[in-house]
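**Q** Before we start, here is the structure in question, set down as C-alpha cells.
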Amino acid sequence: MNAIKSLSRITVAASMTLAAAAVHADAVTDWNVKANDIIVAGRVGPPPANRALAIANVAVFDAVNAITGRYAASGRVVLDAAPAASVEAAVAAAMRGTLGKLLVPQQAEIDAAYQAALATVPDGAARSAGIAVGEKAAAAILALRGGDGATAPDSYVPFSMPGVYVPTASPAVPHWGKRKPWVLASGDQLRPGAPPALSSEVWARDYNEIKALGGKTSTQRSAAQTEIARFWETTQPVIYYPLARAVALQPGRDVTQNARLLAAVGMAMDDALVAIFDAKYTYNFWRPVTAIRNGDKDGNDATERDPMWAPFIDTPMHPEYPCAHCVISASLGAVLQAEIGNGPMPRLATTSPTAPGVTRSWTSIAEFTQEVANARIYDGVHFRNSTEVGTALGRKVGEMVAAKALR
C-alpha cells in the first residue's frame, strides 16, 4: 500500500484548479470532476485511482443505460429500472456506492458530494428509483471486479546486472500486470518485444538524447521543453479526464452517450496500466539515472558514463520500459478518436498540479500523445524507444476497448 500511495506524492490540495473544461454539462461529467477532485485531495496513487474511476464510470453507465435504454445492455450486470427513474440520482448513487467502497478514507467527501447532488433532485418516486438502480449497479460492478487481483501480495524480487532496473525504494505495484483486465484477455495479450540491446545504435541514440535533454541541470533543454516536462510530472488520472470531458461537452450529446464514453475511457486507461505493468516487470529495464551513472558497464562505446547525472524529476518507482504515461495517453486518445470519428475535434485542454496556472491544449490526438512522450524524455525518466512502444501499446489497448465499449 505504501508503494501505491507513494506514486501520488506530487499532488495539491487545491484540486478544483485541475478541472479544465469543467463547464456544467450533465450529472455524469459533473460527477467526473467531483471524483477526480476527491482522488487528488486524498492523494490516491495513480494505479488504484485509475481502477477506482473505471469501476465508478462503468457502474454509472450501466445504471444510466438501464434507465434510458439508449444502448443494448452491456452484459456485465442485469438491471431493471423504471424509465421515469432519476438519472441524476442514479449517477450519484452509483458514484457513492463504488467510490465509498474503494476510497474509504475519502468517505466524508464522497458523502458530502452525494448529499449535494441529491439536494438538486426532487424527493419522490423518481429519485428513489434512481438511487435504487445506482446502488444496484455499484454493488454489481464491485462484485464483478472484486477478484481482479488489485490486492494480490507482492512477490517481486529485484536483482542487479547491467540493463536491469534497480529500485531505490519499494517497487510500485509489481502485481498490477497480473490483474484481470476489462477487455484484454490478460495483461500479456499485447506484450511488446524486449527493449533494445545495449549494444545497439538505438540504445546509444536514446541514451545520449536523454542524457542531454533530461538532466536536472541540462543546458540543452529549452525553456519550452522544461515547461512541458514540469507539466507532465504528475501521473494522476485527473490530468487526462478533462480531454474526455471536452468531447462530452460537444453540442448534441446526451447523458447516456457521456456515461458510455467515460466508461470506455476508464476501462481503456485501466487496461492500459495492466498491460504496461506486465511489460515493465517482465523486462525490468533500467531507468536512465541508473544507466547513465553506469554507462561504462553497458558494453557500448557510444555511451559515456556520468556518475553525477540526475533526472529533472524524481524517478518513478517501477521499471523503465515501456512508458506508462504514454500508454495511458494513447489509450485515452484512441477511445476519443473512435468516439469523435469524422466529426470535428474539440479543443483538447487540461491543467496540471505540477504546473499551477498553466493550461496546455492541442488540436489533435497525435499532437497530444507526442507531447506526453516528449515530456517523459525531458523529465529524464524514459528513453525514446520506450515512449514509442508505450504509445503504440496504448493505442492498441484503446482501440480494442473502443471496439467493444463504443459499438
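Per the numbering used here, residue 30 is the first one in the sequence shown, and the count goes up by one each step.
Note that CB positions come from ideal geometry on N, CA and C, so glycine has one too.
Please report the distance separating the alpha-carbon of residue 435 from that of residue 153.
**A** What you label residue 435 is simply residue 406 of the sequence shown in a count that begins at 1. What you label residue 153 is simply residue 124 of the sequence shown in a count that begins at 1. If you take the alpha carbons of residue 435 and residue 153, they lie about 33 Å apart.
**Q** By the three-class DSSP mapping on this structure, what secondary structure does residue 391 have?
**A** On the sequence shown, residue 391 is found 362 positions in, with the first residue counted as 1. DSSP places residue 391 in strand when its eight states are reduced to three.
**Q** Using DSSP bridges, identify the partner residues of residue 340.
**A** For the purposes of this step, residue 340 is taken as residue 311 along the sequence shown, with counting starting at 1. Answer is 244.
**Q** Work out the CA separation of residue 202 and residue 212 for me, nearest whole Å.
**A** Counting from 1 along the sequence shown, the entry for residue 212 is found at position 183. Counting from 1 along the sequence shown, the entry for residue 202 is found at position 173. When rounded, the distance between both Cα atoms is 20 Å.
**Q** Give the range of the alpha helix (DSSP H) segment to which residue 97 is assigned.
**A** Translated into the one-based positions of the sequence shown, residue 97 becomes position 68. 75-97 is the span of the alpha helix (DSSP H), which, as asked, contains residue 97.
**Q** Keeping to the same chain, check which residues put their C-beta closer than 8 Å to that of residue 104; ignore five residues upstream and five downstream.
**A** In the sequence shown, residue 104 corresponds to position 75, counting from 1. Closer than 8 Å at Cβ, skipping near neighbours: no residue.
**Q** So, does the stretch 344-355 touch the stretch 299-309, judging by three or more C-beta pairs under 8 Å?
**A** With the cut-off at 8 Å, the stretch 344-355 and the stretch 299-309 touch.
**Q** Between which two residues does the beta strand (DSSP E) containing residue 131 stretch?
**A** Within the sequence shown, numbered from 1, the residue matching residue 131 stands at position 102. First-last for residue 131: 116-131, but that is the alpha helix (DSSP H), not the beta strand (DSSP E).
**Q** Quick check on the DSSP output: the alpha helix (DSSP H) that includes residue 302 runs from which residue to which?
**A** Taking the sequence shown and counting its residues from 1, one reaches residue 302 at position 273. 284-312 is the extent of the alpha helix (DSSP H) around residue 302.
**Q** Report yes or no: do the stretch 405-415 and the stretch 235-250 share at least 3 C-beta pairs separated by less than 8 Å?
**A** A contact exists between the stretch 405-415 and the stretch 235-250.
**Q** Start and end of the alpha helix (DSSP H) containing residue 378?
**A** Residue 378 sits at position 349 when you count from the first residue of the sequence shown. Note, residue 378: premise wrong, no alpha helix (DSSP H); beta strand (DSSP E) at 377-380.
**Q** What number of angstroms, rounded off, separates the C-alpha of residue 178 from the C-alpha of residue 80?
**A** One-based indexing of the sequence shown puts residue 178 at position 149. One-based indexing of the sequence shown puts residue 80 at position 51. Their Cα atoms are separated by approximately 11 Å.
**Q** Tell me residue 193's beta-bridge partners as DSSP assigns them.
**A** On the sequence shown, residue 193 is found 164 positions in, with the first residue counted as 1. DSSP lists 314 as partners of residue 193.
**Q** Looking at the structure shown, is residue 59 part of a helix, part of a strand, or coil, going by DSSP?
**A** As a position in the sequence shown, residue 59 is number 30, starting the count at 1. Helix, per DSSP.
**Q** In the DSSP assignment, find the alpha helix (DSSP H) that holds residue 149 and state where it starts and stops.
**A** On the sequence shown, position 120 is the one that residue 149 refers to. Neither: residue 149 is in no alpha helix (DSSP H) and is coded neither H nor E.
**Q** Only counting the same chain, and skipping five residues up and downstream in sequence, which positions put a Cβ closer than 7 Å to that of residue 225?
**A** For the purposes of this step, residue 225 is identified with residue 196 of the sequence shown, where counting begins at 1. These residues qualify, in order along the chain: 231, 232 and 414.
**Q** Quick one: does residue 103 have its CB under 8 Å from some CB of chain B?
**A** Of the protein chains in the structure, only one exists, and it is not chain B.
**Q** Return the chain-ordered list of same chain residues with a C-beta closer than 6 Å to the C-beta of residue 150, the five sequence neighbours on each side being excluded.
**A** As a position in the sequence shown, residue 150 is number 121, starting the count at 1. Closer than 6 Å at the Cβ level, and outside the excluded window around residue 150, lie 115, 117, 118 and 156.
**Q** Got a sec? Which residues, its chain only, sit under 6 Å from residue 135 by beta carbon, not counting five neighbours each side?
**A** As a position in the sequence shown, residue 135 is number 106, starting the count at 1. The residues are 67 and 71.
**Q** Indicate whether residue 143 and residue 316 have their beta-carbon atoms separated by less than 8 Å.
**A** The residue you call residue 143 lines up with position 114 of the sequence shown. The residue you call residue 316 lines up with position 287 of the sequence shown. No, they are not a contact pair.
**Q** Let me make sure I understand the geometry here. Which of 384, 348 and 281 has the alpha-carbon closest to that of residue 369?
**A** Within the sequence shown, the letter at position 340 stands for residue 369. Nearest of 384, 348 and 281 to residue 369, Cα basis: 281.
**Q** Across the stretch 205-222 and the stretch 385-394, are there enough close Cβ pairs to call them in contact, namely three or more that are closer than 8 Å?
**A** Too few Cβ pairs lie closer than 8 Å, so no.
**Q** Helix, strand or coil for residue 211, going by three-state DSSP, please let me know.
**A** Taking the first residue of the sequence shown as position 1, residue 211 is located at position 182. Here residue 211 sits in coil by DSSP.
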